[in-house]
Amino acid sequence: MPGVTQDIKWEKDLCFCVAEKMFLVLGFEENPITGSFKVPDEEFDAFCEREGFAPAPYLARYKWVAFDNLNRLQQQEWQQCINKSYNLVRAKLPKKKQQELERIS
C-alpha cells in the first residue's frame, strides 16, 4: 500500500494513515487488541450487526466500525477490510495526491 505511515495518537492508539488520513486504528495497549476502520457505506450496517462490532465512536458518521477483539475476523478477511479501508480513504484524497501515490506504487 503506497504512502502508508504509522503514528501513535492519543498516547495509546497505533494509527495507519495514507497522506496523513487515518484508515486503521489499533488499541495496541489493550488486551485483546481493539480498533476501528472505515467500511463502504453499503457494508456499514451489516458490520455493526456482527458480534463484537459497533459504530466507531466519533467516526461512525464517516462509516467507521469499531471492533472489540482483533480475532473477530480471519486473516484473509482482515486483509480485505484493511485494503478496502485504505482504498476508500485514498479515493477521497485530492487527485494530485492520488497521482503521487500511483507513481510510487
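Each residue of the sequence shown is one higher than the one before, starting from 422 at the first, in this note's numbering. Quick reminder that beta carbons are idealized off the backbone N, C-alpha and C, glycines included.
Closest residue to N452 among R524, D489, K517, K518 (Cα-Cα distance): D489
C-alpha gap between P476 and T455, whole angstroms: 13 Å
Length at least 3, wholly inside the region 468 to 498: the beta strand (DSSP E) runs in chain order: 474 to 476, 485 to 488
K513 (DSSP reduced to helix, strand or coil): coil
Host beta strand (DSSP E) of K430 (start-end): 425 to 430
Per-residue DSSP class, three states only, for S457: strand
F449 (DSSP reduced to helix, strand or coil): coil
Cα-Cα separation between L509 and W499, rounded to whole angstroms: 15 Å
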